[in-house]
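The numbers in full-length UniProt numbering rise by one with no breaks, and the one at position 94 of the sequence shown is 94.
The C-beta atom is built at its ideal place from N, Cα and C for all residues, glycine as well.
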Amino acid sequence: MPNKNPTLNFKSSSMAFIQMENISWFLKLCEIINLPQDEIFQTVDLFESKDPYQVCITLMSFSRIVHEMNPQTFTMVIGPKRVRKKPVIPNKPRALRS
1 MPNKNPTLNF KSSSMAFIQM ENISWFLKLC EIINLPQDEI FQTVDLFESK DPYQVCITLM
61 SFSRIVHEMN PQTFTMVIGP KRVRKKPVIP NKPRALRS
């Protein structure tokens, strides 16, 4: 029975099935750390090079989130940083403007 922790299930192998299983364990880890679903690639996107752009999006998002979780361990971020929404500051009423 495989371990519930995806990081403990990776295996080194040249067999296609094992490689695809490793990819699926990585994708499970992405779900555990709450990567947005629209930023996660499908196994075939990587294994068969179907959508390399989506693979890059996933890796950048993964990098950003693990950096936010533990910046001492994951010091570098791949790609742009997450944009934070700034609070809207209301304008002063005309009567109070100088």
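Exposure label - residue i; buried when at least 16 CB within 10 Å
i           : result
Arg94       : exposed
Cys56       : exposed
Ile32       : exposed
Met69       : exposed
Phe62       : buried
residue 163 : Nothing about residue 163 can be read from this structure; the chain reaches only from 1 to 98.
Phe17       : exposed
Met1        : In this predicted model, Met1 has a pLDDT of only 45, less than 50, meaning its place in the structure is not dependable enough to derive any value.
Endpoints, the alpha helix (DSSP H) within which residue i is located
i     : result
Lys85 : Counting along the chain, Lys85 falls outside any alpha helix (DSSP H), and DSSP gives it neither H nor E.
Candidates the options, of which the one nearest residue i by Cα
i     : options                       : result
Thr58 : Asn91, Ser13, Asp45 and Glu68 : Asp45
Ile65 : Tyr53, Lys86, Gln72 and Leu35 : Leu35
Ile23 : Arg84, Pro52, Lys86 and Phe47 : Phe47
Own chain partners of residue i with C-beta closer than 6 angstroms, once the 5 adjacent residues on each side are dropped
i     : result
Met60 : Ile78 and Gly79
Asp51 : Asp45
8 angstroms Cβ shell around residue i - same chain, five flanking residues per side excluded
i     : result
Val88 : none
Residues near residue i by beta carbon distance below 7 angstroms, same chain, minus five either side
i           : result
residue 101 : One cannot answer for residue 101 here, as it falls past the ends of the chain, which runs 1 to 98.
His67       : Phe74 and Val77
Checklist line | Inside the segment 18-68 only - alpha helix (DSSP H) runs reaching at least 4 residues | finding: 43-47
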